[in-house]
Amino acid sequence: MEQVQFNSMMSMTASADLFNRFGVLLLSRGQPITATIRELLEKHEVYVWSRQNNKSDLTKQKKIFPKDIYTKLVGSLWSIYHDAKLIQPEHIEKTVSLVEAILKELKSQTIYFDSKQFNLSKFRQYDQGTFIHSINVALLTAVTGMNLGYRSRKLKNLILGALLHDLGKLRVPKEILNKPGNLTGQEFDLIKQHPCLGAEMLKNVRLLPGVIASVEEHHERWNVKGYPHGLTGSTIHLDAQIVAVTDVYEALTADRPYRQGIPPYQALEMIFAWSGRDFNPDVVQAFRQALILYPENSIVTLNTGEMGMVVAVNKQFPTRPVVRLLFDSNGRTLNKEVFVDLLQNLTCFIECVEFKEEAS
Ligand SMILES: [Fe+2]
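Residue 282 in our numbering sits at position 282 of the sequence shown, and the numbers go up by one each step.
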């Protein structure tokens with residue numbers, strides 16, 4: 001943290017988060033500085049968090065996906081496919097323009113986005129779950145693919161396949177897709193047909209093998225235990241191996257009509273556990289590097305009840321950042337610097353996070 005002259009920050013709004021010398025937040029970035037607040041701040045030593053850090057393995061890069069573009073993408077995908085029976089070339093043409101919109105936003109190889117933060121109420125009247133899921137999977141797939149060296153046309157086709165991967169679900173009755181509780185064997189068999197149904201819906205259009213594979217093979221597993229064909233290892237197209245990981249992560253974290261999603265760190269730890277069993281370890285590695293769970297400066301609550309701010313994220317262990325505590329478990333402000341390294345304190349974990357929308 002470095003001290004700043006408050007007078008030098010004179011403006012109508014705070015240009016950064018302002019802290020006192022104990023690290024207690026005095027005013028959030030963007031908040032208006034009224035005459036009373038100005039008077040109070042002038043009595044304090046005002047600090048901002050320093051951006052300098054010498055540890056090279058810590059990453060500060062972040063990219064927050066814009067809410068308005070995200071919402072538009074979901075709406076566009078819905079309007080292209082909601083009543084499609086058989087896909088025609090013009091459907092694909094429109095979808096490629098969505099791929100281009102995604103790529104325009106994703107300039108970096110890391111991403112942070114949280115669809116739960118986005119207001120999608122205008123789509124609630126439709127069975128929009130598949131479309132929200134497909135956009136999320138496409139975003140996660142895009143950054144994972146970039147980390148694996150996908151570029152230009154290859155990358156575009158990878159994203160296209162991710163957008164289309166669950167197309168076959170449009171042919172599965174909604175009551176089964178959204179059924180709370182356990183599915184009967186027959187219902188599950190019906191759901192398991194969606195990869196082949198999706199591939200069949202694409203038979204009128206010319207697409208590269210990777211695109212079709214993302215649709216038909218995204219439920220295949222590295223260890224043969226997947227469906228529909230029981231493929232194994234590298235006989236599964238790499239595009240489909242990537243979509244397999246991002247699809248499972250998204251499905252675990254997303255809220256469904258019948259259950260709440262699990263926290264991102266927990267989903268990511270499950271994906272790690274299944275690396276080499278269900279998923280290609282190289283893909284899991286690229287996915288891990290692509291995802292920012294806790295952007296730096298996000299405010300988190302630990303399972304101990306303490307609250308703090310994420311001050312460093314280790315690329316190798318993104319679920320376990322270093323947290324600078326701000327409040328104890330009783331909500332009292334701390335008057336000394338306490339850092340919790342979650343990599344060292346394995347019984348401690350992040351229970352929830354308050355994200356700030358902040359363009360990088
Ligand atoms: Fe699927």
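Idealized CB from N, CA, C, for every residue including glycine.
Asked, Found
"Nonlocal neighbours in the same chain, by C-beta distance under 7 angstroms from Gly305, ignoring five residues either side", "Ser329"
"Given 8 angstroms, three or more beta-carbon pairs between the stretch 149-162 and the stretch 188-200", "no"
"Cβ neighbours of Thr232 in the same chain (closer than 6 angstroms, five flanking residues each side left out)", "Val224"
"Ala166 CB to nearest heavy atom of ligand 1 below 6 angstroms", "Checking the sequence, you will find Asp at residue 166 rather than Ala. Checking the Cβ of Asp166 against ligand 1 gives yes."
"Nearest residue (CA-CA) to Val353, options Asn335, Thr319, Phe339 and Thr333", "Thr319"
"Residues sharing a beta bridge with Asp308, DSSP", "Before going further, note that residue 308 is Gly rather than Asp in the sequence given. Paired residue(s): Val300 and Leu325."
"Close beta carbons around Asp247, own chain, < 7 angstroms, minus the five adjacent residues each side", "Val137, His165 and His218"
"Bridge-paired residues (DSSP) for Cys425", "The chain is shown only over 1 to 360; residue 425 falls outside these bounds and no answer can be derived."
"Euclidean distance between Cα positions of Thr235 and Asn280", "11 angstroms"
"Member of Thr333, Asn345, Val310 and Arg332 whose CA lies at the smallest distance from the CA of Val322", "Val310"
"Rounded distance between the beta-carbons of Asn147 and Ala290, thought under 8 angstroms", "5 angstroms"
"Where Val282 falls: helix, strand or coil (DSSP)", "Note that residue 282 is Asp in the sequence shown, not Val. Three-state DSSP puts Asp282 in a helix."
"Identity of the residues DSSP links to Ile350 by a beta bridge", "Leu302"
"First through last residue of the beta strand (DSSP E) which encompasses Phe65", "Element bounds for Phe65: n/a, residue is neither H nor E."
"Where Asn345 falls: helix, strand or coil (DSSP)", "coil"
"C-alpha gap between Trp274 and Gly168, whole angstroms", "26 angstroms"
"7 angstroms Cβ cutoff met for Glu216 and Ala244", "no"
"One or two residues paired with Arg256 in a DSSP bridge", "Arg259"
"Bridge partners - Leu18, DSSP secondary structure assignment", "Leu27"
"Own chain, CB closer than 6 angstroms to Ile92, minus 5 neighbours either side, in chain order", "Val205"
"CA-to-CA distance, Glu175 to Ile212, given in whole angstroms", "27 angstroms"
"Residue range of the alpha helix (DSSP H) that includes Glu187", "Gly185 to Ile191"
"Buried versus exposed, by CB contacts within 10 Å (16 or more), Gln52", "Summary for Gln52: the model assigns pLDDT 40, below 50, so the residue's position carries little reliability, and this model does not support an answer."
"C-beta contact flag for Glu76 and Leu98 at 7 angstroms", "Residue 76 is actually Ser in this sequence, not Glu. It is a contact, given that the beta carbons lie within the stated cut-off."
"Where the alpha helix (DSSP H) through Phe131 begins and ends", "Gly129 to Asn147"
"From Leu343, Tyr249, Leu202 and Leu326, residue whose alpha carbon lies closest to that of Ala84", "Leu202"
"Short Cβ contact (7 angstroms threshold) for Met307 with Phe339", "no"
"Neighbourhood of Ile87 by C-beta, 7 angstroms cutoff - its chain only, sequence neighbours within 5 removed", "Met201, Leu202, Asn204 and Val205"
"Test item: CB-CB of Ile242 and Thr130 under 7 angstroms", "no"
"Close beta carbons around Leu293, own chain, < 7 angstroms, minus the five adjacent residues each side", "Pro264, Tyr265, Leu268, Pro318 and Thr319"
"Buried or exposed by the 16-neighbour rule on C-beta atoms within 10 Å, applied to Lys156", "buried"
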